[in-house]
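> Have a look at the structure that comes next, please.
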Amino acid sequence: MINPKVSVILPVYNVENYLHQCMESLIKQSMQEIEIIAVNDESQDKSLEILEEYAKKDSRIMIINQKNGGAGKARNTGMDAAKGEYLSFLDPDDFFEYSMLEKAYNKAKMNNLDIVIYKCDFYNEENNSYTHNKWTLKMEHLPPYEPFSHRQFTLNIFGVFVGWSWDKLFKYNFIKENNIRFQEQRTSNDLYFVFSAIALAKRIAVIPEILIHQRRDSKESLSKTREKSWDNFYRALLELRVKLQKNGIFDELEKDFISYSLHACLWNYRTLNGVSRELLMESLKRDWFKNLGINNQPKDYFLDINNNNDYILYKNIISEV
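The working numbering puts the first residue of the sequence shown at -10, with every later residue one more than the last.
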């Protein structure tokens, strides 16, 4: 396809159990003017074979093979090959409403948007159930009009949306003009990409519908490797701060950034276990809290502190002997 409306970029690594469902939900999208760029990250299972079966039947599918480098590198590889007006970065263990790309693209074109964001739910394959979590898109903190930029948010801008890329559609020219890339690290590789885009976008809007289903509790999930990459979120935060500084907007977003940094540190501390958690705690105490600007800030400085337990946990960590 010479001029696809949307380039779908799919990093693929050892997901043979879920790839058929993902691909079926893509090739059956109601909007046909798309290209599907599957970047095989040196899979060791039958993922490549499955992709090749689909590519033989559908000329819109492009397969790129690369040496194992992680999802961030795969997304950059796919983005470099993309020809679409808009970009959709999806995960191969998820699946999608057939109208997802059409609705997102039409919304984007109608309003000349830089980013479109939509709702998702979580699919648990063990009991074949779906759970919607409102925290992935906090509608109550959005302005009553569209489009909007971060300056109209009533909450910490990094707390309104989640820093993952797959529930969003991005205008490709906007991404290129602002030189926004994925970090090529094991996990948290989309945090920098997403929050840089949200901070720099001038025209954002949402679709208040569930259009994507994220598979939870799968061993192959791209989000299941944090135990081995417990420090990646910190590297992403540092890179995000540099991006905001280079674009001259860090001063106005400093409180948002520091507040989100505290949230990210505490969330990772709560959800890690064993040696990884111990290493994280030592790093936070030693210099990470300080390096992120968190140390010595009073409780009322932080935006969107969920409850007293967050601040108490922070104080407990820094006072731990």
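C-beta: ideal position from N, C-alpha, C; glycine also.
As the structure is a computational prediction, the values presented were derived from the model and not from experiment.
Please name the residue in Q234, D47, N54 and F137 whose C-alpha comes closest to that of Q18.
Q18 has its Cα closest to that of D47, out of Q234, D47, N54 and F137.
> Within this structure, are the beta carbons of L255 and Y223 separated by less than 8 Å?
No. Outside cutoff.
> Assuming Y112 contacts Q33 under a Cβ cut-off of 8 Å, what Cβ separation, rounded to an integer in Å, is found between them?
Not confirmed; about 25 Å, so no contact.
> Rounded to a whole number of angstroms, what is the C-alpha to C-alpha distance between S308 and E216?
Spanning the two alpha carbons is a distance of roughly 24 Å.
> Suppose you measure from the CA of F246 to the CA of E38; what does that come to, to the nearest Å?
Distance between the alpha carbons of F246 and E38 is about 43 Å.
> Measure the alpha-carbon distance for P(-7) versus P132 and round it to whole angstroms.
Taking the straight line from one Cα to the other gives about 32 Å.
> Can you grab the Cα-Cα spacing for the pair S138 / S14, in whole Å?
If I take the Cα positions, the gap works out to 31 Å.
> Can the beta-carbon of I106 be found closer than 8 Å to that of F150?
A contact, by the Cβ cut-off of 8 Å.
> Hey, quick one: how far does the alpha helix (DSSP H) through T176 stretch, first residue to last?
Element bounds for T176: n/a, residue is neither H nor E.
> By the DSSP assignment, the alpha helix (DSSP H) with L242 in it spans what residues?
Run containing L242: F239 to T260, per the alpha helix (DSSP H) assignment.
> Are the segment 155 to 164 and the segment 75 to 95 touching, with three or more C-beta to C-beta distances below 8 Å?
Contact holds: three or more Cβ-Cβ distances are below 8 Å.
> Tell me whether the beta-carbon of I169 lies closer than 8 Å to the beta-carbon of A186.
Going by C-beta atoms, I169 is nearer than 8 Å to A186.
> Does the beta-carbon of I301 have 16 or more other beta-carbons within 10 angstroms, so that it is buried, or is it exposed?
I301 comes out exposed.
> By alpha-carbon positions, which one of I52, S118 and M128 ends up nearest to P197?
Answer by Cα proximity: M128.
> Cα separation between E209 and V4?
With a pLDDT of only 46 at E209, under 50, the local geometry of the prediction cannot be trusted, and the value read off the model is given with reservation. Going from the Cα of E209 to the Cα of V4 covers about 6 Å.
> Express the C-alpha separation of E86 and Y119 in angstroms, rounding to a whole number.
Whole-angstrom Cα-Cα distance: 13 Å.
> Would you kindly work out how many angstroms separate the C-alpha atoms of G152 and V183, rounded to a whole number?
Cα-Cα distance, rounded: 6 Å.
> So what's N57 in DSSP terms, helix, strand or just coil?
In this structure, N57 counts as coil in the three-state DSSP scheme.
> Can the beta-carbon of I306 be found less than 8 Å from the beta-carbon of M270?
The answer is yes: Cβ separation under 8 Å.
> Give a yes or no on whether the C-beta atoms belonging to S(-4) and E24 are separated by under 8 Å.
Result yes, Cβ atoms of S(-4) and E24 sit closer than 8 Å.
> Since I believe A71 is in contact with V28 (beta carbons under 8 Å), could you give me their beta-carbon distance rounded to a whole number of angstroms?
Between A71 and V28 the Cβ distance is about 11 Å, and since that is not below 8 Å, they are no contact.
> For N257, I'd like the list of residues in its chain whose CB is within less than 8 Å of its CB, leaving aside the five on either flank, ordered along the chain.
Counting only Cβ-Cβ distances below 8 Å, and skipping sequence neighbours, we find R215, W219, F222 and L269.
> Check the DSSP bridge columns for A27 and list the partner residues they point to.
Note: A27 sits in a beta bridge opposite L(-1) and I52.
> Inspect the beta-carbon positions of F278 and S248 and report whether they are closer than 8 Å.
Not a contact, by the Cβ cut-off of 8 Å.
> Based on the DSSP secondary-structure assignment, which residues constitute the bridge partners of R205?
In the DSSP output, where bridge partners are listed per residue, R205 has N113.
> Is the beta carbon of S250 sitting closer than 8 Å to the one on L226?
Yes; because the gap between Cβ atoms is below 8 Å, this pair is in contact.
> How many Å lie between N100 and A44 at the Cα?
Approximately 33 Å, taken between the alpha carbons.
> What alpha helix (DSSP H) runs, 4 residues minimum, are completely inside the segment 60 to 127?
Those alpha helix (DSSP H) runs which fall completely within the segment 60 to 127 and span 4+ residues are 60 to 70 and 89 to 100.
> Where do the ends of the beta strand (DSSP E) carrying F147 lie?
Per DSSP, F147 belongs to no beta strand (DSSP E); it is in the alpha helix (DSSP H), I146 to V149.
> Tell me the DSSP secondary structure of K160 in three-state form.
In the structure shown, K160 sits in a strand (DSSP, three-state: E or B).
> Pull up the distance between the alpha-carbon of I199 and that of W124, whole angstroms please.
Computed Cα separation, rounded: 13 Å.
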